[in-house]
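A.B. asks:
There are 4 protein chains.
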Amino acid sequence: MGMIGGGPGAFIGPIHRIAAEMDREIELVAGAFSSDAGRSRAAAETYRIDPERAYPSMEAMFAGEKARGDGIDFVAIVSPNYHHLPAARAALAAGLPVLSDKPATSTYAEAQELAGHVAAAGLPYGLTHTYSGYPLVREARARIAAGALGTVRKVVVEYPQGWLAGEASGKQAEWRTDPARSGPGGCIGDIGTHAFQLAEFVTGLQVTQLLADLGAVVPGRLVDDDCSVLLRFENGARGVLLASQIEVGEMNGLRIRVYGDKAGLIWKQEVPNTLTINTLDGRTEIVHAGGSQLGPDAASRTRTPTGHPEGYLEAFANIYRDFAAVLRGEQAPLLPGIDTALRGMAFIATAVAASRDANDGKAGWVKLTV
Amino acid sequence: MGMIGGGPGAFIGPIHRIAAEMDREIELVAGAFSSDAGRSRAAAETYRIDPERAYPSMEAMFAGEKARGDGIDFVAIVSPNYHHLPAARAALAAGLPVLSDKPATSTYAEAQELAGHVAAAGLPYGLTHTYSGYPLVREARARIAAGALGTVRKVVVEYPQGWLAGEASGKQAEWRTDPARSGPGGCIGDIGTHAFQLAEFVTGLQVTQLLADLGAVVPGRLVDDDCSVLLRFENGARGVLLASQIEVGEMNGLRIRVYGDKAGLIWKQEVPNTLTINTLDGRTEIVHAGGSQLGPDAASRTRTPTGHPEGYLEAFANIYRDFAAVLRGEQAPLLPGIDTALRGMAFIATAVAASRDANDGKAGWVKLTV
Amino acid sequence: MGMIGGGPGAFIGPIHRIAAEMDREIELVAGAFSSDAGRSRAAAETYRIDPERAYPSMEAMFAGEKARGDGIDFVAIVSPNYHHLPAARAALAAGLPVLSDKPATSTYAEAQELAGHVAAAGLPYGLTHTYSGYPLVREARARIAAGALGTVRKVVVEYPQGWLAGEASGKQAEWRTDPARSGPGGCIGDIGTHAFQLAEFVTGLQVTQLLADLGAVVPGRLVDDDCSVLLRFENGARGVLLASQIEVGEMNGLRIRVYGDKAGLIWKQEVPNTLTINTLDGRTEIVHAGGSQLGPDAASRTRTPTGHPEGYLEAFANIYRDFAAVLRGEQAPLLPGIDTALRGMAFIATAVAASRDANDGKAGWVKLTV
Amino acid sequence: MGMIGGGPGAFIGPIHRIAAEMDREIELVAGAFSSDAGRSRAAAETYRIDPERAYPSMEAMFAGEKARGDGIDFVAIVSPNYHHLPAARAALAAGLPVLSDKPATSTYAEAQELAGHVAAAGLPYGLTHTYSGYPLVREARARIAAGALGTVRKVVVEYPQGWLAGEASGKQAEWRTDPARSGPGGCIGDIGTHAFQLAEFVTGLQVTQLLADLGAVVPGRLVDDDCSVLLRFENGARGVLLASQIEVGEMNGLRIRVYGDKAGLIWKQEVPNTLTINTLDGRTEIVHAGGSQLGPDAASRTRTPTGHPEGYLEAFANIYRDFAAVLRGEQAPLLPGIDTALRGMAFIATAVAASRDANDGKAGWVKLTV
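Protein chains in written order, with the UniProt record's numbering: chain A, 1 to 370; chain B, 1 to 370; chain C, 1 to 370; chain D, 1 to 370.
(1) Would D/Gly-69 count as contacting chain C if we go by Cβ distances under 8 Å?
(2) Who are the Cβ neighbours of A/Val-78 in its own chain at under 8 Å, not counting the five residues just before and after it?
(3) Figure out for me which residue from D/Leu-123, D/His-194, D/Ser-40 has the closest Cα to the Cα of D/Phe-323.
(4) In terms of alpha-carbon separation, which member of A/Leu-294, A/Asp-190, A/Thr-151, A/Pro-135 lies closest to A/Asp-226?
(5) Taking just the CA atoms, how far does D/Gly-236 sit from D/Gln-209?
(6) Quick one: residues in its chain with C-beta nearer than 8 Å to the C-beta of D/Gly-150, no 5 flanking neighbours on either side, listed in chain order?
(7) Alpha carbon to alpha carbon, how far is A/Ala-299 from D/His-308?
(8) Where do the N-terminal and C-terminal ends of the alpha helix (DSSP H) with B/Gln-209 fall, by residue?
(9) Suppose you measure from the CA of A/Ala-32 to the CA of A/Ala-54; what does that come to, to the nearest Å?
(10) Going along the chain, which residues of its own chain have a beta-carbon closer than 8 Å to the beta-carbon of residue 379 of chain A, five neighbours each way excluded?
(11) Report the residue from A/Val-217, A/Leu-222, A/Val-271, A/Val-156 whose alpha carbon sits nearest the alpha carbon of A/Leu-198.
(12) Give a yes or no on whether the minimum CB-CB distance between D/Thr-130 and chain C is below 8 Å.
(13) At what residues does the alpha helix (DSSP H) containing A/Val-326 begin and finish?
(14) Sorted by chain position, which residues of the same chain lie with C-beta nearer than 6 Å to B/Arg-39's C-beta, five sequence neighbours on each side aside?
(15) Please confirm whether C/Thr-340 and C/Val-366 have their CB atoms less than 8 Å apart.
(16) Helix, strand or coil for B/Lys-362, going by three-state DSSP, please let me know.
(17) Tell me A/Pro-160's beta-bridge partners as DSSP assigns them.
(18) Could you check whether the Cβ of C/Tyr-159 sits closer than 8 Å to any Cβ belonging to chain D?
(19) Consult DSSP for A/Gly-166 and reduce its assignment to one of helix, strand or coil.
(20) Any C-beta of chain F sitting closer than 8 Å to the C-beta of D/His-308?
(21) Using DSSP bridges, identify the partner residues of C/Thr-274.
(22) How would you list, in chain order, the residues of chain C whose beta-carbon sits under 8 Å from the beta-carbon of B/Asn-252?
(23) Give, in chain order, every residue of the segment 269 to 282 of chain B whose Cβ lies closer than 9 Å to some Cβ of chain C.
(24) Pull up the DSSP beta-bridge partners for D/Ala-54, would you.
(25) For C/Arg-356, which of helix, strand or coil comes out of DSSP?
(26) Excluding five sequence neighbours on each side, which residues of the same chain lie with their C-beta closer than 6 Å to the C-beta of D/Pro-336?
(27) According to a CB-to-CB cut-off of less than 7 Å, which residues of the segment 2 to 13 of chain B neighbour chain A?
(28) Quick one: what does DSSP say C/Ile-49 is sitting in, helix, strand or coil?
(29) Following the continuous beta strand (DSSP E) through residue 373 of chain A, name the residue where it begins and the one where it ends.
(30) Under a three-way DSSP split, which group does C/Ile-72 fall into?
(31) Would you grab the beta carbon distance between B/Met-345 and B/Tyr-82 for me? Rounded to a whole angstrom, and I think it's under 8 Å.
(32) List the residues of chain C whose Cβ lies closer than 8 Å to the Cβ of B/Tyr-312, in chain order.
(33) Within the continuous beta strand (DSSP E) that includes D/Gly-264, where are the two ends?
(34) State yes or no: is the C-beta of D/Leu-241 within less than 8 Å of the C-beta of D/Ala-354?
(35) Start and end of the beta strand (DSSP E) containing B/Val-258?
(36) Name the chain D residues whose beta carbon is nearer than 9 Å to that of B/Ser-292?
Structure, rendered in structure tokens:
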């Protein structure tokens, strides 16, 4: 694997490296970590890879690796959003499969262009919606698909954070609050898309309409940092999607509740190793990661016995495990791919539009179409 | 105290009785528990009051009690919503102060009429928004008022229940899902008003605009049973109010989160004896009911040492304690009164209208005015 | 009901009053609240009872009440431990049933004397082991009795508190740390007996042997304030009983875990409205107070629907409800009585002896006999 | 790194591999995974290492690796307990540093022998007490060392499990319940030592005396499966150590509470990313992994921002990180080494003896000496 982005100061690059390598199916061997050659080499040292394979540009990496017998088999794109499309386009053109951080691109139009490149290249494309890699998220999806909840009626998905409640300082905060680098959505793109993908992933239902209120709460902020979105799903189910980066004290509180006519379930990312199921007769069951009550997919996604907490890195590694399977030519139907990419970017665009319309006194509900 | 409503099968009548008497400032001595004389007498037996003082109508009670030297000093109205206005009007006309269950009336127009009666009578009127009686809700309000959170930016208040996810059976469910007895709002009136009052109570801020999605989810239901409302407060703060009665497995999960530019706080009714405060510097403090970190109001509202759970009945008793103070001519500024009644009924009417507008493709945000 | 003790500054007197009156079966009408006539009258005012019925001594109360047509039917003893025996003896001699705070007496010898008085008088005697009044404690007992856990193998009961970690100041702390008023056991008598009673109550098994380590941790303390006791039950099951009053930050953390060969259960006083049941096949079920999964005894002990927290006062009221039933001549088999009193006092004496023996290098396990 | 043990069916081998490689300082390249050559090769495939480097014996590995230019730099011993001493002895004799799973050996005598070999070889020796690798355990230790709790008075450490409550079936259960392979201690050696090490690690205090009750609860079991041990620390502090493998439904519930005269702290392995601190003035603070309130050691031990759960594998990787530092010649004072090994084995022997003595009616407290 070669990495694009992830240079000094990056948060997500080292996480991709750990996740990719956890099951020893993938090894990080090269990177265009930065467009500054010295910084790229410095990153290589941090990652403990051969400095020869730290390239000053992705083009150099594609060329350099092609020239080797043991060159990279795919790229992981971990640069800021605005760079996702050019990176993916170039990698696909170089014949390399792509695993990209989310959101897929800066804009929905870019995502459409990307979909064209993916189709034309005929190469694997994956999107690291990490949270759908958690074993109990997989379990939730499997149970709903099997009818455990009956007809889904209501979905509440929330992603509260507080880290941007003050001034945006530091590399991570700066590009995320700069529309030129993050795209038109701030919070809605950065974490709202995770919540959106989680809701569609777990329920197996698509969102069809939105009513939205996106705000730039911190004075001077140029992108939204607080998002409240009402949802309607294809089967008529109602939904609420809340995402915020200004809720002081919230850390990474992604959580989802799904209610059907027979039962409801609750999962929370910060305590990811339990899933709560409530049935109409008043029973509450707690399902444990690694425990005996899991279906095959979730069971195969845990690496330790029950009671040994697994977390974010292991969930991320499950995404990489799926991608490795795809690279081997196997099926990995739960790996988020280009369809998820398109839906996520359409969600951002529609939420931004719906919020503007509502504030302009125009029609409330806006259709979400891909 | 005389009770209007609360006959056999009632849930809230016995609770009012326990709450009223907990501090021994008030005693239930009479009631028009039912319009059926036999049922009213049966209720009197349950309440262990003198059967002579179980009346077949409120008019009979007013007359009978007036004739006694030790007649009632006020009435508690615990009948279904549609009956609140006639009961309060009659009681006030009979010179009796009123403590009423919520919502205050069936419609906003009725609430306006009621406000006129209250003003004309010059008698105390209180509304039992129980949850604002919890010590840590009082503490939350006090801390926000003292500036602990800085400027309030975001409020999320939720009231999930699941008890109406199936067919509405039983006395409680039946009248609540019948618009003739509950008024135009179902869930929004029954529990949405609690959430609304809690949000305004804790923040000290008024809601000025709404964007709403109210649904009647259970097939055949005639009133809303699932409500999602986006809020805007007078200072520009954003808010979300979620209330539902079809979220299977949810019991009485009222909770509120308030975020300012300095700190945030979280309180949950089902674990009411802790309040979590998070500050911008990454600290988390847990405040305990009965503990040393409470301000005077909250401290005076607990009856046991810290670690001895107090709950719903004690919170309810705190509302009665306030009302008893008002009857004695003392100030009880935190007791919900006729202004709260008007705001609550306006909230119901506005939410219903806003949801209809949004679904009709009309303007999104609707002003809330009293 | 007449109260003995509970004068100004008392913690437990007002709690007894609320608990006694919650179901309106009992009314506090008289008291010998203090041996100081003025203080007794001051207490009467706090309790809002007729000042005429505030007596300067229990003897005066017995005489005064006997002379009335509507005199008291029983006494509640809420004075410090050393006073329990003389108060109970005198009340029984005056023909009055007794509901006493725990521990029953100062010493085991006193408890034996008390048992004689109770037997001779033929009057009801009850002991307010409050925690066994919680609905889910009753549910736990019922489920174990019905075999839900299989054979009980292990019991862990803990009662951590921290309020005596510093200097013992205030009325409550002072008498509890004075062996002349509390008896030979400090913590072991004050809260260890609650834990002991809870363990025997829930499991239906008697403790037969102890291995103990009791310490007076705070410098200068004259009674134990930290207790660790290993238990053996009549069926061979092992147990651990921990009680401490010097664990800083612990409030009133009584909790019990019982494990059988089929399942285990967990209950915690500070979150009293859930009971967790784990079965050998890896399932976890949460049982909710007020919910549909309760047996008849627990169901009848809740006063509100599920999700409305009930707490310590309601549990206490359940003890009074049992006592009221006994006064009416009904059965209340779960009310702790004189047998529980004897076992509790034997437990204190045996634990003190076992700890001394272990520290003296003598035999470890000591038999507990009544 | 070369691995000894960890063949097909092993639980801990793959975990060592993930932990060792997480920070890319160490790579698993060889193994004597099984004494069956075919099984050893099968394991190599699972671990994705060169099949040439899957050896049929540790001796073959030592020789084969020595012959390579890129041979292993140390061994990780993950075989059952009885094999730890021979494996470590042979590795040290071959000039290889050792990182061993716990407990260090089968018996205390073996541990003494091992200490001699370690001293003679002058090579690094580490013991994978995983739980002391958790960031918040490090934080707890640092805060106690800095005096945040004042003088430590009381320690409660518990390690409840339930997985051996039924018949011991499967590779993991079988050797752990066979004294020939596990040593004289069952539960006390398997998890009691973890609890013991955690207590000494966090407090910085040594245990000096024990009072113990060890039982073989499951019919037919040959080693203890339920352990209750009272402790006395060098400064006079009291302690309780509970470990059990028959507590149905308990998963891996290691937890520790330490109380001083100024404050107390609580940490639980199953929710490892928070540490609770309670101070004498009634304040409760929650410290978050990855958060701003951590000291340098804990901060450097987290790999993701706060709110991204890290768990058991990351804690384990922190132990490997320390060992890698030692291999580089750096200091890693928190890495458990041969002294910890000796203390752990002495603890097992003393607890077994103390329990037998107490049951034989002999002296209670037994000294723990190394």
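Cβ atoms here follow ideal geometry from the backbone N, Cα and C, with glycine treated the same way.
C.D. replies: The short version:
(1) No, its Cβ sits nowhere closer than 8 Å to a Cβ of chain C.
(2) Excluding positions up to five away in sequence, the list reads Met-3, Ile-4, Gly-5, Gly-6, Ala-10, Ile-12, Gly-13, His-16, Asp-101.
(3) D/Phe-323 has its Cα closest to that of D/Leu-123, out of D/Leu-123, D/His-194, D/Ser-40.
(4) For A/Asp-226, the closest of A/Leu-294, A/Asp-190, A/Thr-151, A/Pro-135 by C-alpha to C-alpha distance is A/Asp-190.
(5) D/Gln-209 and D/Gly-236: Cα-Cα distance of roughly 10 Å.
(6) Once the five neighbours on either side are set aside, the close Cβ partners of D/Gly-150 are Gly-260, Asp-261, Lys-262, Ala-263.
(7) Between the C-alpha atoms of A/Ala-299 and D/His-308 there is a straight-line separation of about 21 Å.
(8) Judged by DSSP secondary structure, B/Gln-209 falls outside any alpha helix (DSSP H) and instead within the beta strand (DSSP E) spanning 207 to 215.
(9) Taking the straight line from one Cα to the other gives about 6 Å.
(10) This structure leaves residue 379 of chain A out entirely; chain A is present only between 1 and 370.
(11) Taking only the C-alpha atoms, the option nearest A/Leu-198 is A/Val-156.
(12) It does not; no Cβ of chain C falls within 8 Å.
(13) Note, A/Val-326: alpha helix (DSSP H), 312 to 327.
(14) Short of 6 Å from the beta carbon of B/Arg-39, and not among the five residues preceding or following it, lie these beta carbons of its own chain, in chain order: Gly-7, Pro-8.
(15) Not a contact, by the Cβ cut-off of 8 Å.
(16) Note: B/Lys-362 maps to coil in three-state DSSP.
(17) Residue pairing by DSSP places A/Pro-160 opposite A/Ser-244 in a beta bridge.
(18) It does not: the Cβ of C/Tyr-159 has no partner Cβ on chain D nearer than 8 Å.
(19) In the displayed model, A/Gly-166 falls within coil according to three-state DSSP, outside both helix and strand.
(20) Considering every chain present, this structure includes no chain F. Its protein chains are A, B, C and D.
(21) Per DSSP, C/His-288.
(22) Contact of B/Asn-252 with chain C by beta-carbon distance below 8 Å involves Pro-305, Thr-306, Gly-307, His-308.
(23) Answer in chain order: Gln-269, Glu-270, Val-271, Pro-272, Asn-273.
(24) Note: D/Ala-54 sits in a beta bridge opposite D/Gly-31.
(25) Here C/Arg-356 sits in helix by DSSP.
(26) For D/Pro-336, where only same-chain residues beyond five positions count, the Cβ hits under 6 Å are Leu-127, His-129.
(27) Residues passing the 7 Å Cβ filter: none.
(28) C/Ile-49 falls in the coil class under three-state DSSP.
(29) Only positions 1 to 370 of chain A appear in this structure, which leaves residue 373 of chain A out of reach.
(30) In the structure shown, C/Ile-72 falls within a coil segment according to DSSP collapsed to helix, strand and coil.
(31) Between B/Met-345 and B/Tyr-82, the beta carbon gap of about 13 Å keeps them out of contact (Cβ cut-off 8 Å).
(32) Below the 8 Å Cβ cutoff, chain C contributes Thr-304, His-308, Pro-309, Glu-310 as neighbours of B/Tyr-312, in chain order.
(33) Taken as a continuous stretch (DSSP letters only), the beta strand (DSSP E) holding D/Gly-264 covers 263 to 268.
(34) No, Cβ-Cβ distance for D/Leu-241 and D/Ala-354 is not below 8 Å.
(35) B/Val-258: member of the beta strand (DSSP E) spanning 255 to 260, first to last residue.
(36) Result: Asp-281, Gly-282, Arg-283.
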